[in-house]
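In the UniProt record's numbering, the protein residues as written are 1 to 298.
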Amino acid sequence: MNSKPGLPELSALAAIVLHRSFRKAADDLGLSPSTLSHMMRTLERGMGVRLLNRTTRSVAPTEAGERLVARLRPLLSDIDAALAEVDDFRGLASGTLRINTSEIGARLLLGSVVPSFLQRYPQVSLDLVTEGKLVDIVAEGFDAGIRLGEAVPRDMVAVRFGGPTRFIAVASPAYLAGRPAPHTPDDLGDQACIRFRLPSGKPYRWEFEKHGQEIAIDVQGALTLDSMELMAEAAACGMGVAYISDKTAKPYLDQGSLVTVLDDWCPPIPGLFLYYPGHRLVPPALRAFIDVLKETKG
Numbered sequence: 001m002n003s004k005p006g007l008p009e010l011s012a013l014a015a016i017v018l019h020r021s022f023r024k025a026a027d028d029l030g031l032s033p034s035t036l037s038h039m040m041r042t043l044e045r046g047m048g049v050r051l052l053n054r055t056t057r058s059v060a061p062t063e064a065g066e067r068l069v070a071r072l073r074p075l076l077s078d079i080d081a082a083l084a085e086v087d088d089f090r091g092l093a094s095g096t097l098r099i100n101t102s103e104i105g106a107r108l109l110l111g112s113v114v115p116s117f118l119q120r121y122p123q124v125s126l127d128l129v130t131e132g133k134l135v136d137i138v139a140e141g142f143d144a145g146i147r148l149g150e151a152v153p154r155d156m157v158a159v160r161f162g163g164p165t166r167f168i169a170v171a172s173p174a175y176l177a178g179r180p181a182p183h184t185p186d187d188l189g190d191q192a193c194i195r196f197r198l199p200s201g202k203p204y205r206w207e208f209e210k211h212g213q214e215i216a217i218d219v220q221g222a223l224t225l226d227s228m229e230l231m232a233e234a235a236a237c238g239m240g241v242a243y244i245s246d247k248t249a250k251p252y253l254d255q256g257s258l259v260t261v262l263d264d265w266c267p268p269i270p271g272l273f274l275y276y277p278g279h280r281l282v283p284p285a286l287r288a289f290i291d292v293l294k295e296t297k298g
């Protein structure tokens, strides 16, 4: 290494790798793309190694750049959190709060927590990312994540919100009018099931429980979707039985376009949790968000 890089250059590199774009990274950092490009050329020249592969349309890290940024992310996040704690002395929460969540979690937050939070803390920008897949929130630069309790890593601090939830089997009255309703999970073999595809590409196995008996079924059906909202719509149109969250199903159940089946096989589960790493400084914006979450949770 010919010269030691500074924090601004390393932060800029991390932003470029995160956004895969000079323009988006420049907007995030409040710089011009040309200034950012010059910083990267200076950084690469000083370190004596290429960190980014550039084309006219895209930018991607080299292997050296990817490894460097992977090590930098948690360090830069800790620095940001340490600097942000100074705001505590002014009683302010500010900056950008990035949360990775499921679509269901985002909808629940938008219905109660987010409006109160943004009104109370106007200096904070909230970035909700609903990728669907589970990610390493530390490695991907998120302040927190939101998932069902069973999916929260054991080394994280978790805050439950939204109350218990259920995954339920539903179908339209029109669909059930033409065939016997299922009474046990085994009866699903005779039904047209609307399957759910996980972000990994694998089909989701429907999980049922009654009196301590647990059953997981890889149902069969001609239709597979990757959105519970679409599954609810398809079921309401009479296309089969869907297995979705009760929060997704609620408006359809309320208007009568869907009814539940196998209800006694679908017990409540703990529900959603916001989680974050416990071994790192908690940014003031995240602490403020958790406070609002606790005030409004079910």
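Think of the CB as a built atom: it goes at the ideal place given N, C-alpha and C, for glycine as much as any other residue. All values reported here derive from a predicted model rather than from experimental measurement.
Reduced DSSP secondary structure (H/G/I, E/B, other) of residue i
i	result
F142	coil
S112	coil
M156	strand
K202	coil
A222	coil
G105	helix
G238	coil
P270	coil
D127	strand
R179	coil
S245	strand
L293	helix
G256	coil
P284	helix
A93	coil
Q191	coil
I79	helix
L262	coil
P185	helix
Residue i versus residue j: straight-line alpha-carbon distance, rounded
i	j	result
G178	L110	38 Å
V219	M231	14 Å
D28	A12	9 Å
L10	A139	15 Å
R154	S58	37 Å
T101	E44	35 Å
P5	G46	7 Å
D264	K210	7 Å
I217	L126	38 Å
R71	Y204	34 Å
A171	L188	12 Å
A8	L68	Here residue 8 turns out to be Pro, not Ala, going by the sequence shown. Spanning the two alpha carbons is a distance of roughly 15 Å.
I168	R50	52 Å
S116	P122	10 Å
P251	I215	27 Å
Close-in-space but distant-in-sequence residues of the same chain around residue i (CB under 8 Å, 5 per side omitted)
i	result
Y276	I137, D143, A144, G145, M156, V157, V282, L286
A234	I194, L223, L225, G240, A242
R120	A288, V292
Counted within 10 angstroms of its Cβ, other Cβ atoms place residue i as buried (16 or more) or exposed
i	result
N53	exposed
G271	buried
G163	exposed
E229	exposed
S257	buried
L36	buried
R98	buried
T248	buried
A236	buried
A60	exposed
P185	buried
A174	exposed
7 Å CB neighbourhood of residue i in its chain, flanking five on each side removed
i	result
residue 320	Examination of residue 320 is not possible in this model, given that the chain is present from 1 through 298 alone.
V152	A158, F273, Y275
P74	V138
Cβ-based neighbour list, residue i, same chain, cut-off 6 Å, excluding 5 preceding and 5 following
i	result
H19	A25
P268	P164, R166
S112	T296
Please give the ranges of any beta strand (DSSP E) in the UniProt domain "HTH lysR-type" (5 to 62), keeping only runs that are unbroken, at least 3 residues long and fully inside the region. 52 to 54, 59 to 61
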